[in-house]
Amino acid sequence: MAAQDFSGQNVLGQLFRGQNLRNADFSNAVIRMADFRSAVLKDANFQGATLEQADLQFADLQMANLEQAKLQFANFQQANLQEAVLREALLQSADLQKADLQKADLYRAKLSFSNMSYATLQEASLQRADLQQVNLQEAKLQRADLSQANLQKAKLIEANLQQANLQQASLQEALFYKANLQQANLQQANLQQANFEKANLQQVNLLQADLQSSKLVEANLQMANLQQATLVSADLRGADLQSADLYQTKLQFANLKGANLQNANLQRANFQSANLQNADLQGANLVGTKLQFANLSGANLSGADLSGADLQGTDMRDAKYMTPIQVRAAKNWNKAMYSKEFRALIDSGAWE
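Below is the structure:
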């Protein structure tokens, strides 16, 4: 049967429910409010078509061409869009709940305010897409390409972003509560005021990322790369940073109370006025670290290397497993605050 041709036609509100329209040509057609529910639209061509408010629930759109289509407020709930082409499509406020978009091409698509909760987007291309305030709760985004995408204020609660590429993405105020970002690439991403509370960020790449005023309470950042990242005024209370790399990271005024920094590389990082109260710094590399006026009271410093660290005004009172030899390897060690007992031990010279 020859493919049906609707190209350039005005089929406003037409009923196509359940029909077999495989390979049909709807290019540049006006199909507003049309009913395609459960229709078979594999390999169909909707390039440049107007489908605003169309009903495409449960439709099969595998490998369909929707490039530059106008799909605002369209309903794609549970539709099959595997390998579909949606480049530069307009999908603002569209409903894509539970839609299957595996390997779909959404390059520069406009999806702001759309609902993509529980959608499957594994290996999808969303490069430079506009996803502002999109709902991606529990969406599957493993290995998806979101580089340079705009996800400001997006909701990604419990989303799976394992090995996803978010390099240079805009994620200000995005919500990643309990999201899985293992091995994701967030290099040079803008994450100011983003919320990663209880998120899994193991082995994530945050090289030169901007996390100013972000929330990482109880986040898992084991073996994460945070080199030269900005975490000024960030909230990292109870975060797990075991073996993380924070070389030259900016952490001024950050709150790391109770954080786990065992064996972390903190060389030349800036912790000025940061709160490290009761933090675990066992075996941490603090060589050349700026700790001026930081609070390390109650911190565990067993085996930590403080060589060349600046301790001017640092609160070291009640720090655990700290030795005079450790402290004397630092700069301005005599200008730090210690417990009376530890100060007496240093001054006595009995440890030499």
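Residue numbers (my numbering): 95 to 446. C-beta atoms are modelled at their ideal positions from N, C-alpha and C, and glycine is treated no differently.
Under the three-state reduction of DSSP output, Lys192 falls in the coil class, being neither helix nor strand. DSSP, read as helix, strand or coil, puts Asn294 in strand. Taking C-beta atoms as the reference points, Lys429 and Leu405 count as a pair closer than 8 Å. Using a 10 angstroms sphere on the CB of Arg422, the tally of other CB atoms stays under 16, which defines it as exposed.
Judged by beta-carbon spacing, Ala368 lies within the 8 Å limit of Ala348, meaning their Cβ atoms are closer than that value. The C-beta distance from Gln266 to Gln281 rounds to 16 Å, too long to fall under 8 Å, and the pair is not in contact. Secondary structure at Ser442: helix, using DSSP grouped into helix, strand and coil.
Cβ-Cβ separation between Leu135 and Ala123: approximately 13 Å, too far for a contact (criterion under 8 Å). Taking the Cα positions, Asn426 is about 16 Å away from Asn364.
Ala438 counts as exposed, since fewer than 16 other C-beta atoms from the protein chains shown sit within 10 angstroms of its C-beta. Judged by DSSP in its simplified three-state form, Lys351 adopts coil rather than helix or strand. Boundaries of the alpha helix (DSSP H) harbouring Gln420: 418-422, taken from the DSSP string. Between Asn104 and Gln98, the alpha-carbon positions lie close to 15 Å from each other. Leaving aside the five residues that flank Lys197 on each side, the residues in its chain whose CB is nearer than 7 Å to its CB run, in chain order, Gln176, Glu177, Glu217, Ala218. In this structure, Ala233 sits away from Ala263, with a CB-CB distance that is not shorter than 8 Å.
Check the Cα spacing between Leu335 and each of Val326, Thr324, Asn314, Leu385: the tightest is with Asn314. Inclusion of Ala278 and Leu301 in the CB contact set at 8 Å is not warranted, their separation being larger than that value.
In this structure, Ala223 and Ala203 form a Cβ contact; the two beta carbons are roughly 5 Å apart against a cut-off of 8 Å. Residue state for Asn122 is assigned as coil, using DSSP reduced to three classes. Residue pairing by DSSP places Lys234 opposite Thr214, Asn254 in a beta bridge. Look at Lys247 here: in three-state DSSP terms it is coil, with no helix or strand label.
The alpha carbon of Gly107 has as its nearest neighbour, out of Lys247, Ser327, Ala153, Ala148, the alpha carbon of Ala148.
One thing to note: Ala163 has its Cβ within 8 Å of the Cβ of Ala183. Only residues of its own chain outside the window of five on either side were considered, and among them Gln386, Phe387 have a CB closer than 6 Å to the CB of Gly407, listed in chain order. For Val179, the closest C-alpha among the options Gly142, Gln231, Gly332 is that of Gly142.
Looking at Gln371, Gln236, Gln376, Gln361, the one whose alpha-carbon comes closest to that of Asp412 is Gln371. Linking Ala243 to Gly397 through their CA atoms gives a straight-line distance of about 42 Å. Taking 8 Å as the cut-off, the beta carbon of Ala378 is found closer than this to the beta carbon of Ala358.
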